[in-house]
Amino acid sequence: MKQKELTSRLLHIVGEEGVVLNPADQEPYVNDWLGKAHGRTVAVVRPRNTTEVAAVMRLCHQTHTPVVPQGGNTGMSGGATPDMSGAQVVLSLNRMKRIHDVDPINNTLTADAGVILADIQQAARHVDRYFPLSLGAEGSCTIGGNLATNAGGTGVLRYGNTRDLTLGLEVVLPDGRVWNGLRALRKDNTGYDLKDLFIGSEGSLGIITGVVLKLFAAPAGRVTAWVGAQNLTNIVALLNRLQADCGPRLSAFEMMSAPSLALVTQQLPGHASPLDKTYPYYALIELADTNMSGVQDMLQAGLAVAIEDALIDDCVVAMSEAQSISMWKLREGISMAQVKAGKAVKHDIALPISSLARFAAEADQAVQDDFPGLPIINFGHIGDGNLHYNVLLPLDVAYEDYAKKTADLNKRIHDLVTQFNGSISAEHGVGTLRRDELRRYKSSVEMDLMIAIKRTLDPNQLMNPGKLL
21 MKQKELTSRL
31 LHIVGEEGVV
41 LNPADQEPYV
51 NDWLGKAHGR
61 TVAVVRPRNT
71 TEVAAVMRLC
81 HQTHTPVVPQ
91 GGNTGMSGGA
101 TPDMSGAQVV
111 LSLNRMKRIH
121 DVDPINNTLT
131 ADAGVILADI
141 QQAARHVDRY
151 FPLSLGAEGS
161 CTIGGNLATN
171 AGGTGVLRYG
181 NTRDLTLGLE
191 VVLPDGRVWN
201 GLRALRKDNT
211 GYDLKDLFIG
221 SEGSLGIITG
231 VVLKLFAAPA
241 GRVTAWVGAQ
251 NLTNIVALLN
261 RLQADCGPRL
271 SAFEMMSAPS
281 LALVTQQLPG
291 HASPLDKTYP
301 YYALIELADT
311 NMSGVQDMLQ
321 AGLAVAIEDA
331 LIDDCVVAMS
341 EAQSISMWKL
351 REGISMAQVK
361 AGKAVKHDIA
371 LPISSLARFA
381 AEADQAVQDD
391 FPGLPIINFG
401 HIGDGNLHYN
411 VLLPLDVAYE
421 DYAKKTADLN
431 KRIHDLVTQF
441 NGSISAEHGV
451 GTLRRDELRR
461 YKSSVEMDLM
471 IAIKRTLDPN
481 QLMNPGKLL
């Protein structure tokens with residue numbers, strides 16, 4: 021089918037407001053927000069509902085037109101960017117913004133996949149409930165994109181990944197059929213759990229159009245603390261101790277190295293360390309509960325004992341919401357500080373928590389041996405074993421040197437991750453960024469199984485081609 025006829029039929033399905041044909045207007049959809057992935061598209065299609073998504077998919081299936089699903093386009097791995105062929109359709113869900121139901125008795129929320137994460141959080145708050153998925157892009161990322169990448173964030177320690185927060189899905193398959201699995205059930209043993217095939221599949225098997233999410237009792241408050249320690253081993257030991265002492269009240273445990281904190285305070289005006297002295301490692305700790313009676317005393321007592329036992333050197337507990345927000349801004353500001361500092365080779369990795377300190381020590385040594393003098397920015401969600409282990413490159417590095425250093429560093433770090441039985445993608449997904457590495461680090465059995473699933477659900481290879489597999 022010729023391009024003109026294809027776009028005419030797309031216009032018939034979704035209307036003029038639902039199709040973007042002008043290349044200038046397509047720019048936000050064909051480039052990722054990091055400025056690293058770029059592409060071209062025959063059309064950006066913006067359906068309003070599942071019926072329109074299904075009609076678009078039937079047309080693309082009939083015409084063998086590849087489709088790139090897209091949510092908020094805030095991904096970190098190039099998973100929502102079309103290639104340069106100009107033959108792929110970008111299917112954006114950013115008009116599907118309805119929250120269909122919020123049930124405070126069943127503790128569930130049913131929504132379209134295009135709803136912004138922050139809007140879901142707000143809808144839960146309106147009925148005195150809490151949706152715990154939280155990450156830096158929550159003001160612009162969509163719940164569908166979160167599902168497609170099985171997003172993590174700062175609440176995984178207590179509540180789990182997006183997969184753990186999901187009860188049901190609605191999915192449009194590559195041939196346009198609709199699977200309605202929007203069941204608000206916590207128990208359903210009537211066959212395979214199909215939703216888990218699509219969560220984390222990065223749009224390679226179908227298009228998630230709707231979701232049923234779990235809600236939780238809203239915390240009555242929070243207590244936040246900032247601690248400094250001499251090494252990562254002690255930070256991990258503190259995590260282990262607080263998990264035993266505080267139980268499920270421990271809702272966040274974030275770590276950053278001294279260079280990470282220094283980068284934030286240097287690059288972002290108005291940010292300052294809560295502690296007077298500098299320490300090799302820091303942790304941001306948060307406790308929350310539906311009844312806050314005694315929670316602050318519990319944390320203060322635990323940190324006092326940790327100082328006595330020389331696990332940590334210093335700490336400060338936030339005495340106001342403003343202080344708590346300031347602490348979180350230091351952690352959340354690392355990504356922007358890195359952007360301002362220039363190019364970096366980034367690694368979103370997961371490791372057993374018991375191996376974090378040994379991995380960091382060996383990785384630091386490997387980087388300094390092979391690339392002496394390059395700053396290491398090590399931070400992450402240590403409570404669930406997720407490190408963002410990044411290496412800053414000089415501002416004036418040439419593109420050829422940057423490309424070579426990236427390849428060499430990635431191999432060195434990811435080989436080490438594999439030795440520790442870790443993962444080369446903890447929460448950002450594979451996309452195009454890690455696609456070629458996947459075959460190196462996944463077993464042949466795992467690859468065969470994933471390819472078999474892909475061929476069964478998408479035999480024409482139309483869904484997000486070139487991504488993940």
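Residue numbers (this note's numbering): 21 to 489.
Note that beta-carbon positions come from the ideal geometry of N, C-alpha and C, so glycine has one too.
{"Check": "Here's a check: name, in chain order, each residue in its chain whose Cβ is nearer than 8 Å to the Cβ of Glu457, leaving out the five neighbours to either side.", "Outcome": "Asn430, His434, Ile444"}
{"Check": "Just how far apart, CA to CA, sit Ala257 and Ile373?", "Outcome": "10 Å"}
{"Check": "Count the other CB atoms within 10 Å of the CB of Ala324; is the residue buried (16 or more) or exposed (fewer)?", "Outcome": "exposed"}
{"Check": "Using C-beta distances below 7 Å, list every residue in its chain close to His291, excluding the 5 sequence neighbours before and after it, in chain order.", "Outcome": "Val284, Thr285, Lys349, Leu350, Gly353"}
{"Check": "In terms of residue numbering, what span does the alpha helix (DSSP H) encompassing Thr130 cover?", "Outcome": "It is not in any alpha helix (DSSP H) - Thr130 instead sits in the beta strand (DSSP E) that spans 128 to 132."}
{"Check": "With Leu407 and Ile369 assumed to form a contact (beta carbons below 8 Å), what rounded beta-carbon distance in angstroms separates them?", "Outcome": "5 Å"}
{"Check": "Please name the residue, chosen from Leu193, Pro86, Pro239, Glu72, that lies closest to Tyr150 on a Cα-to-Cα basis.", "Outcome": "Pro239"}
{"Check": "Of the choices Val76, Ser464, Ile396, whose alpha-carbon is the least far from that of Gly226?", "Outcome": "Val76"}
{"Check": "Enumerate in chain order the residues of its own chain whose CB-to-CB distance from Val247 is below 6 Å, with the five nearest sequence positions on each side excluded.", "Outcome": "Ala303, Ile332, Cys335"}
{"Check": "Can you tell me which of Thr169, Cys80, Gly95, Asp103 puts its alpha carbon nearest to the alpha carbon of Leu193?", "Outcome": "Cys80"}
{"Check": "Is there contact here, the stretch 304 to 324 with the stretch 382 to 396, by at least three beta-carbon pairs under 8 Å?", "Outcome": "no"}
{"Check": "Please state whether the Cβ-Cβ distance between Gly449 and Gly95 is less than 8 Å.", "Outcome": "yes"}
{"Check": "May I ask you to list the residues that DSSP assigns as paired with Thr244?", "Outcome": "Glu306"}
{"Check": "Given a threshold of 16 other Cβ atoms within 10 Å of its Cβ, counted over all protein chains shown, does Ser313 qualify as buried or as exposed?", "Outcome": "exposed"}
{"Check": "Helix, strand or coil for Ser346? Go by DSSP, reduced to three states.", "Outcome": "helix"}
{"Check": "Could you tell me the alpha carbon to alpha carbon distance between Arg269 and Glu341, rounded to whole angstroms?", "Outcome": "18 Å"}
{"Check": "Can you give me the C-alpha to C-alpha distance between Gly400 and Ala204, rounded to a whole angstrom?", "Outcome": "32 Å"}
{"Check": "Which whole-angstrom value is the C-beta distance of Val243 and Val176, which I expect to be below 8 Å?", "Outcome": "Their Cβ separation, rounded to whole angstroms, is 19 Å, which puts Val243 and Val176 out of contact at 8 Å."}
{"Check": "Which of helix, strand or coil does DSSP assign to Val315?", "Outcome": "helix"}
{"Check": "What is the rounded straight-line gap between the Cα of Leu54 and the Cα of Leu453?", "Outcome": "12 Å"}
{"Check": "Mapping DSSP to helix, strand and coil, what is Tyr409?", "Outcome": "strand"}
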